[in-house]
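The sequence shown: position 102 = 102 (the UniProt record's numbering), numbered continuously. Note that CB positions come from ideal geometry on N, CA and C, so glycine has one too. What follows is a short report on a single structure.
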Amino acid sequence: MEHIHPVFDQILNRADKERMLGQRGCTLWLTGLSGSGKTTLARHAEKELAAQGFLTQVLDGDNIRTGINNNLGFGEEDRRENIRRIAEVTKLFVQCGVVTMNSFISPSQEMRDMARDIIGPEDFLEVFVDAPLEVCEERDVKGMYKKARAGQIPNFTGISAPYDAPEKPDIHVRTDGRSIEECVKQVIDFVMPRIKV
């Protein structure tokens with residue numbers, strides 16, 4: 001590390017970029033079981049924010065795992081490294097004033113706390129996207145739960161690996177029995193005071 005010389009003090013700072021964009025950056029870290037509605041909620045919230053003139057970036061588990069993290073598996077250490085890398089990338093977006101929506105199971109509180117520490121507590125908004133396991137299994141368009149229950153997918157969160165539900169999320173979005181429009185409105189109403197200049 002002795003030959004590394006960061007130049008953060010020599011480049012445009014966050015305040016300059018946020019002034020250019022007319023918004024404040026932050027991350028909405030969507031956590032929940034597979035099938036709870038994280039990606040759907042992020043996609044719809046992104047469209048709504050874009051329609052209101054906000055620059056956003058959605059980071060989604062499947063997309064990240066086919067790109068920057070395609071060398072990682074699903075064991076405990078690789079899952080932790082997956083979240084660490086995502087948090088570092090997210091921090092770069094947030095420092096540019098971008099509203100970043102992260103859609104990752106991030107199954108343990110320890111992983112989410114690590115992401116919060118990397119990004120910065122003031123920029124990290126934990127969104128618990130909550131649906132009962134049986135609802136998530138009913139929504140399972142990819143057939144992942146069925147494979148996990150058949151033992152074909154090891155370490156599957158909610159079946160053969162644990163999920164620590166957030167005890168004190170910044171926002172708790174129940175997606176069962178509610179429309180996507182209602183869920184998106186809850187998220188937008190929550191985040192708007194944080195990002196609006």
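Residue span of the beta strand (DSSP E) that contains residue i, given as start and end
i    : result
N102 : V99 to S103
Q57  : T56 to D60
Burial state of residue i, where buried means 16 or more other Cβ atoms lie within 10 Å
i           : result
N71         : exposed
M144        : buried
Q152        : exposed
residue 237 : A query on residue 237 cannot be resolved here, the shown segment of the chain reaching from 1 to 197 and no further.
D130        : buried
N13         : exposed
Q52         : exposed
Check whether residue i and residue j have beta carbons under 9 Å apart
i    : j    : result
N102 : T27  : yes
R85  : I64  : yes
G37  : I180 : yes
K17  : G97  : yes
M111 : R139 : no
E126 : T31  : yes
F128 : A165 : yes
W29  : S108 : no
T40  : G61  : no
Per DSSP, the bridge partner or partners of residue i
i    : result
C96  : Its beta-bridge partners do not exist; DSSP assigns none.
Q186 : DSSP lists no partner for Q186.
I171 : V127
C26  : V99
T31  : F128
K196 : Q23
Sequence-distant residues of its chain with Cβ nearer than 8 Å to residue i (five each side left out)
i   : result
A50 : T56
Neighbourhood of residue i by C-beta distance below 6 Å, restricted to the same chain and skipping five residues each side
i    : result
V58  : A42, E46 and M101
F93  : Q57 and T100
P193 : none
H44  : I180 and V184
F156 : A148
Beta-carbon contacts of residue i that lie in its chain and below 7 Å, excluding the five residues immediately before and after
i    : result
S160 : A148 and P154
I195 : Q23, R24, C26, F54 and V99
N- and C-terminal bounds of the alpha helix (DSSP H) containing residue i
i    : result
I118 : Q109 to I119
T157 : No alpha helix (DSSP H) contains T157, which DSSP labels as neither H nor E.
R139 : Looking at the DSSP string, R139 is not in any alpha helix (DSSP H), and its letter there is neither H nor E.
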